[in-house]
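Protein chains: 2
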Amino acid sequence: MTNTEILAAFAANLKYEQIPTEVVRRTEDLFLDWFGAALAGRGARPVESIQKLALDLGPQSGPCEILISRRSTSPLFAAMVNAAASHFAEQDDLHNSSVLHPATVVFPAAWAVAQALGRSGKEFIAASVAGYEVGIRVGEFLGRSHYKIFHTTGTVGTLAAAAAVGSLLRLDEVQMLHAFGSAGTQAAGLWEFLRDAADSKQLHTAKAASNGLLAAYLAADGFTGAQDILEGVKGMGAGMSAQTDPQKLVDRLGERWALVETSFKFHASCRHTHPAADALLDVLRREKLSPGDIETVVTHVHQAAIDVLGPVTDPKTIHQAKFSMGTVLALAAEYGHAGVHEFDAHYREQRIAQFRDKVSMVLDPEVDTAYPARWIGKVTVQTKDGETFTGRIDDPKGDPGNTLSRAELEHKTMTLGLYGHAAAEEEIQHAIASVWSLTDYPVVPRLLPEVSLESHHG
Amino acid sequence: MTNTEILAAFAANLKYEQIPTEVVRRTEDLFLDWFGAALAGRGARPVESIQKLALDLGPQSGPCEILISRRSTSPLFAAMVNAAASHFAEQDDLHNSSVLHPATVVFPAAWAVAQALGRSGKEFIAASVAGYEVGIRVGEFLGRSHYKIFHTTGTVGTLAAAAAVGSLLRLDEVQMLHAFGSAGTQAAGLWEFLRDAADSKQLHTAKAASNGLLAAYLAADGFTGAQDILEGVKGMGAGMSAQTDPQKLVDRLGERWALVETSFKFHASCRHTHPAADALLDVLRREKLSPGDIETVVTHVHQAAIDVLGPVTDPKTIHQAKFSMGTVLALAAEYGHAGVHEFDAHYREQRIAQFRDKVSMVLDPEVDTAYPARWIGKVTVQTKDGETFTGRIDDPKGDPGNTLSRAELEHKTMTLGLYGHAAAEEEIQHAIASVWSLTDYPVVPRLLPEVSLESHHG
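Line by line, the protein sequences are chains A and Z. Take the first sequence: its position 338, counted from the start at 1, is 338 in UniProt numbering, and no numbers get skipped. Take the second sequence: its position 286, counted from the start at 1, is 286 in UniProt numbering, and no numbers get skipped.
Laid out in structure tokens, this is it:
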């Protein structure tokens, strides 16, 4: 069997009963975290644009909920809109070593299809785990050279979504392999948009979730795909990576649960900023410094941070500011947390811009070598008094070694839900309760009641 | 201005009045040719699968016709299904130097949107020309190294469709550039499926047409894309080609009409087989040989022919047979033409398989150097009598230098329309008349009446 066949068979055969309890619980955590991220996308122009087109070009009703509007549509378009929404606020989860944001592609597709097919909470959990395990391994397989040009969450996300949806469609091993083929040959997403702060990031997740869903539906209907879309001589590895790592594709399947390695985002910014932000917070707390005391901050980073954040020197939008190392460190220094509210209220302020310009990035061999398996944060802080302090964080807040508690996740979800005015407090409470008891549902519920938003927030 | 900006501005500003009459006429020819190719896709399993999903996941009604079923839906799904249908029978057109099949991605998107917006025949023509001119130049820009791994019609087709739809949406230069950005970052399609004779070819065109359409609609709604998706350091050229040719992007815009360089397909097979098939027919006619006289045929080909056709040694399906050099030459030798009926009736016959096994491919430096600008056909035929003949064709039938007449195009269209039982003879006649008078329509018509197929062919 090829590695791709082994991986497809794993996804096709994974049952809820095989999944350790702590993995199930963590899946619930990640799902709740995703729900908050999706709600926070409400009102964002690119997200609303995608929703408008989904409702213009797709069905105006259906069995699946669009979280930001409480509208309903077909699974394809619910997946599309919820995926776009959940990748806007830079609050969705990230798996370190694959540099994949799994939640924003797996859950929109799986949740829509579970609703469309009336699957149980347990089946939804198993499908989501399949999506995470597949996506993470494919991301690790394609590696750093892929991520240099391609937005892994867009490309690999297509396969992750296909695996999750394929599980819910109860594809057999052969069909799942076809689904992988049809997903991989649709895989797309280039980083070029980042320099222009263009809206492609949400398009990538929208299309990854919906294209992966389409691939699995096609496979269920007998549509065939390439048998080795990952390692074949004209496959993804050959065309979209300079150095693949085939062993990663099947790395300890069923023993290593890669899902639990996924990090929650504490700051509402690009994950590449988090290690340095936390290292700076460490220095400020330890040395009892305030932002005004600081002359310069040198962040010691991995190459990908320079690649992704380097072009952003003078952020023009909130979204771009989330990719500005200096802005993120300025907000963290000032408010202890660079959250959605901190960005909205302060990212343009003179004070923040001044601090931003004190921050630089330098490539650090130790950090770069450890990346992407570990995201180490290191800063050197020079004070106006001429003192020099160094800070270091081995597990940024939200990483598996420093994860968020259920109370912290509930707080984050409530903050994000209210931030986008997507739901009332009691509705969010109700959704939280639904997620914590998801495995009890013989048929997955709606997370939010299908009501006109105007009656709640008009 | 960057090359991409110049190209986007050209697409945004192209008006019907600027297009020479012979280019308009040729566009009508290509559109009719596409219509026949689309009808021929009716009943093909992969095409019907895509239609089934389009109607399950998309709207069940709308302003746009699905040619193979006479159903109506939204422009997104009409584009998707018509694109899938028109790339099945291997009868759709090809532009040589870009190795792009423009019709199958440009016309489905443009026709659907022209119907949705009620645009005139002239606007539809101008939009289609924009799609061809953009797509061909982007294909030439990405070049041979791109085509080695990526199915150019899938990847570049996304931009071609976006340009055509953008024209119909009357995007300005800035919006068109955003549409290009959103199209390019969705561009996908890997050749890996070919080894397995999988169904991805139709998925590629379906997604190119619909994704390009989506990109243009998003741009019309203010959604932004990368400003240099083609030449940017993390754009298509950087990620998906080993050697680009930037000058090709803006090659004599408005002077060179690349559309008229497009070839019609005479044989119903992969275009890489056509030069050798015609060269063989040349030998057979000249020397008055019959297939039974032949011991071996050596075809002297370009490398891409070996790449695409080489893996197909024992075709298992009609579609795969269209990528078998030996099968195509066998059918051409036996019947003078490897058309849809010849494939259906004979591709599996012992006699055809025996001839097939007499055919080999060798790389020819002259042919390879001329490719892809020119597709030269050269064969060496050895007879059972021990004689050796060589055949050569500089312009395979259907090439601009040896194009099909309107009478031949009408005949091809009728053959393909009846082949798929997609329409009655008088309906096809009516559609042909509509295409020849397209520029007279203030609002584009339907090509086929919206009636239940059962009443015609039940």
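For each residue, glycine too, the CB sits at the ideal point set by N, CA and C. Everything numeric in this text was worked out from a predicted model, so none of it was measured.
field: Anticipated Cβ contact below 8 Å, A:S263 with A:G139, distance rounded
entry: Their Cβ separation, rounded to whole angstroms, is 14 Å, which puts A:S263 and A:G139 out of contact at 8 Å.
- prompt: Of all the residues that make up the segment 213-228 of chain Z, which are near chain A by a beta-carbon distance shorter than 9 Å?
  reply: L213, L214, A215, Y217, L218, D221, G222, F223, T224, G225, A226, Q227, D228
query: For a contact meaning CB atoms closer than 7 Å, what does Z:A188 contact in chain A?
result: T185, Q186, A187, A188
- prompt: Which of the residues in the segment 20-33 of chain Z, read from start to end, lie with their CB under 8 Å from any CB of chain A?
  reply: none
- prompt: What distance in whole Å lies between the Cβ atoms of Z:V340 and Z:A160, which are believed to be in contact at a cut-off of 8 Å?
  reply: Contact flag wrong, Cβ pair sits at about 25 Å.
query: Is there a Cβ from chain A that is less than 9 Å from the Cβ of Z:R42?
result: no
message: With a threshold of 9 Å between beta carbons, is Z:A162 in contact with chain A?
response: no
- request: Check the C-beta distance from Z:A277 over to Z:A332 and give it rounded, since I have them as a contact under 8 Å.
  value: 4 Å
message: What does DSSP give as the partner residue(s) for Z:V362 in the beta ladder?
response: Z:H300
- request: Mind listing the chain A neighbours of Z:P75? Cutoff is C-beta to C-beta under 8 Å, in chain order.
  value: L57
field: Continuous beta strand (DSSP E) stretch holding Z:F389: start and end
entry: 388-393
query: Should A:A162 and A:A188 be called a contact, given that it needs their Cβ atoms to be closer than 9 Å?
result: no
query: Do the CB positions of Z:L57 and A:G225 come within less than 9 Å of each other?
result: no
Neighbour flag for A:K248 against chain Z, beta carbons, 9 Å: no
- request: Grab me the residues of A:Q115's own chain with a C-beta within less than 7 Å of its C-beta, minus the 5 sequence neighbours each way, in chain order.
  value: P63, C64, E65, V444
field: Alpha carbon of Z:D199 to alpha carbon of Z:V106, nearest angstrom
entry: 20 Å
message: Can you confirm whether A:F343, when its beta carbon is compared against all beta carbons of chain Z, has any partner nearer than 9 Å?
response: no
- request: Would you grab the beta carbon distance between A:A219 and A:A83 for me? Rounded to a whole angstrom, and I think it's under 8 Å.
  value: At roughly 20 Å, the Cβ-Cβ gap does not stay under 8 Å, so A:A219 and A:A83 are not in contact.
Three-state secondary structure (DSSP) of A:F88: coil
message: Going by DSSP, what residue range makes up the alpha helix (DSSP H) through A:G377?
response: Taken as a continuous stretch (DSSP letters only), A:G377 belongs to no alpha helix (DSSP H), being part of the beta strand (DSSP E) at 377-383.
- request: Classify A:T153 as helix, strand or coil using the three-state DSSP reduction.
  value: helix
message: Comparing C-alpha positions only, which one of A:T383, A:S120, A:Q175, A:M240 sits nearest to A:Q186?
response: A:M240
message: Rounded to the nearest angstrom, what separates Z:F10 and Z:L169 at their Cα positions?
response: 15 Å
query: For A:L363 versus A:Q303, is the C-beta distance shorter than 9 Å?
result: yes
Three-state class that DSSP yields for Z:H204 in the structure shown: helix
- request: Can you give me the start and stop residues for the alpha helix (DSSP H) that Z:N3 sits inside?
  value: 3-13
task: Determine the direct distance from the alpha carbon of A:A44 to that of A:E349, and round the result to whole angstroms.
output: 21 Å
query: Are three or more beta carbon pairs between the segment 23-36 of chain Z and the segment 269-287 of chain Z nearer than 8 Å?
result: no
- request: Could you name the residues of the segment 304-327 of chain Z whose beta carbon sits closer than 9 Å to any beta carbon of chain A, in the order they occur along the chain?
  value: D307
- prompt: Can Z:D196 and A:G181 be called in contact, C-beta distance under 9 Å?
  reply: yes
task: For A:K316, I'd like the list of residues in its chain whose CB is within less than 7 Å of its CB, leaving aside the five on either flank, ordered along the chain.
output: A197
- prompt: My guess is that A:S98 and A:D92 are in contact by the Cβ rule of under 8 Å, so how many angstroms apart are they, rounded?
  reply: Not really, about 14 Å apart at Cβ, beyond 8 Å.
- request: Assuming A:I68 and A:G420 form a contact by the criterion Cβ under 8 Å, report the distance between their Cβ atoms to the nearest whole angstrom.
  value: 7 Å
field: Contact the segment 34-42 of chain Z vs the segment 409-416 of chain Z: 3+ CB pairs below 8 Å
entry: yes
query: Mind checking if Z:W191 is an interface residue toward chain A, Cβ cutoff 9 Å exclusive?
result: yes
- prompt: Counting Cβ pairs, one atom from each stretch, are 3 or more of them under 8 Å apart for the segment 320-330 of chain A and the segment 391-410 of chain A?
  reply: no
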